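Just below is one structure, and these are the notes that go with it.
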Amino acid sequence: MIAMQIPGDTWAHRLPAGLKLVAVAVASILLFQVSSFWTLLPCLAAVISLYASLGRQGLAQLKLLRGLSVLLACLLALHWLSGTLLEGFAIILRLIIMILAANFVSVTTRMDDMMAAVQPLFRPLEWLGISSRKPALGVTLVLRFTPYMLQVFSMLQEAYRARTGSSGSWRLLAPFAIQSLRMSDHVAEALKARGGSDGLTR
Amino acid sequence: MAFWPRKSKQNETRVCDPDAKPFAVFENVGLEIAERSVLTGLTLRLTEDRIGVIGLNGSGKSTFVRLLNGLRTPSSGELSLFGVPATLAEPELPRHVGFVFQNPDHQAIFPTVEEEIAFGLTQLGSDKDESRSRARAFLATHGCEALADRPISELSEGQKQLICILAVLVMEPRLLVLDEPMTSLDALATSRIRSMLMSLPQKIVLVSHDLSHFEGFDRIFWLEEGRLRMDGPPHEVLAAYRADLDIKLNNKLELVAL
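Sequence lines, in order, name chains P and G.
Per numbering that gives the first Met the number 0, residue 0 is the first one in the first sequence, and the count goes up by one each step.
Per numbering that gives the first Met the number 0, residue 0 is the first one in the second sequence, and the count goes up by one each step.
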């Protein structure tokens, strides 16, 4: 499994979380303006060199693309069918650059820094009486539990294979959904036991 | 249960007395879940430092300990915690009662160890940087500073459970409730966590199926089908429980009854 965070104290870790998030947002907007390979390819090289600057653990993060390969191939196939293969390549290249850039920020930024950086965006919710901490905590929970859910899914797969000898991925969706709901119940209980999403100071 | 706990309207003035003796008083407490009676007629006063809860699966142990931190509320009878009725105490309970669950994977909320520890401190009102440095210092006093930056998902089961316990202890509760915390741990991890627990200044309520965990305890509750079957010093209750288990084992093993 790919680590969600690269531990350590590199130059990328030391940049403020807000700055990194703004940089990714600006880069994404700019990237939508270009479709020439002569611009996209250097951008790809640049984002890969960002990972390279973190050393071996950084480069290991590029494995992330393997998981996306099916999705990207489907996109490309759709473009090929509609006769816009070259455009398809450009779009996929752009997607890869954006995903890598966003992932770079998330693996070099601590969750609590990220929360603190994102929280002001949810301030307007407070006028409606909803704590701005909730959405930020929600994002944290998604990131924390994604690897665990993958593990749960592979456990279900193993259990299925042990009894049937075949893999039954789609058949496991219902039990997986039930497992996920049960897990969210447990997590909600644990969160409540430590004071809930609002904290203990209000 | 709702994903987000409902908003508590907490008064500025605290109502709980953390030093109340007894810290919990049950008067004929009963609890029903979905019209099924889970606990019936519990009358107890809890004062001891080390209290154990035993009983077979489905005897109501987990529900019983969840009454102590407000995760469950009684359907009948009177329950008071830290000197006030449980309903009044509820918003303050996470401050006074640390709760450790069976599965550490369901308890740890943050991706890395230090953040997980710091969360309890931000819950109590510290700002981010202060929480972080205090979390690091707290990990160091427990010899775990090497784990600070590690992702929780990569720790061993024993390390995960230890971090879950520390994440609760950092909030300095008066009472620590543990619901089968050693179930997924190997013998070594179990013994380390047990001796760490025994050295704590907190009062402890421990649910366990392994009767050897109750060495050095002051009092044991034996629950059976939601009722208090026996209550007393460990040597008496544990001996009676073992004897009862033997009888049940000698009767033809009825798998249906498991």
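Where a beta carbon is used, it is the ideal one built from N, C-alpha and C, also for glycine.
Source: prediction; values computed, not measured.
- Shortest Cα-Cα distance from Arg218 of chain G to any of G:Ser198, G:Ala145 and G:Val52 involves G:Val52.
- With a threshold of 8 angstroms between beta carbons, Leu84 of chain P makes no contact with chain G.
- Contacts with chain P at 8 angstroms (Cβ-Cβ) do not include His208 of chain G.
- Look at Thr145 of chain P here: in three-state DSSP terms it is helix.
- Within the same chain, and ignoring the five residues on either side of Pro21 of chain G in sequence, the residues whose Cβ sits closer than 6 angstroms to its Cβ are Arg44, Leu45 and Thr46.
- Within 10 angstroms of the beta-carbon of Lys19 of chain P lie 16 or more other beta-carbons, which makes it buried.
- In the DSSP assignment, Trp221 of chain G forms a beta bridge with G:Ile53 and G:Met229.
- Contact of Arg13 of chain P with chain G is not assigned, every C-beta pair being separated by 8 angstroms or more.
- Take the alpha-carbon of Tyr50 of chain P and the one of Leu120 of chain G: they are about 33 angstroms apart.
- Of all residues in the segment 115–126 of chain P, only Ala115 place a beta-carbon less than 8 angstroms from a beta-carbon of chain G.
- In the DSSP assignment, Glu144 of chain G is bridged to no other residue.
- One Cα belongs to Trp37 of chain P, the other to Thr107 of chain P, and the distance between them is close to 29 angstroms.
- With fewer than 16 other Cβ atoms inside 10 Å of its own Cβ, Asn27 of chain G counts as exposed.
- For Ala45 of chain P, the uninterrupted alpha helix (DSSP H) run begins and ends at Phe36 to Ala51, by DSSP.
- Three or more Cβ pairs drawn from the segment 174–194 of chain P and the segment 103–123 of chain G lie within less than 8 angstroms of each other, which places the two stretches in contact.
- Residue contact with chain G for Met154 of chain P: absent (no Cβ-Cβ distance below 8 angstroms to any residue of chain G).
- Residue-level contact check: Met182 of chain P touches chain G, since one or more beta carbons of chain G fall below 8 angstroms from its beta carbon.
- With 16 or more other Cβ atoms inside 10 Å of its own Cβ, Ala135 of chain P counts as buried.
- Counting C-beta atoms within 10 angstroms of its own C-beta, Leu237 of chain G has 16 or more neighbours from the protein chains shown and is therefore classed as buried.
- The beta carbon of Leu124 of chain P lies closer than 6 angstroms to those of Ser131 in the same chain, with the five residues before and after it left out.
- For Asn27 of chain G, the enclosing beta strand (DSSP E) begins and ends at Ala23 to Ile32.
- Of all C-beta pairs linking the segment 94–106 of chain P to the segment 46–60 of chain P, three or more are shorter than 8 angstroms, placing the two stretches in contact.
- Under the 10 Å beta carbon count, Met197 of chain G is surrounded by fewer than 16 other beta carbons and is classified as exposed.
- Fully contained in the segment 84–168 of chain G are the following beta strand (DSSP E) runs of length 3 or more, in chain order: 96–99.
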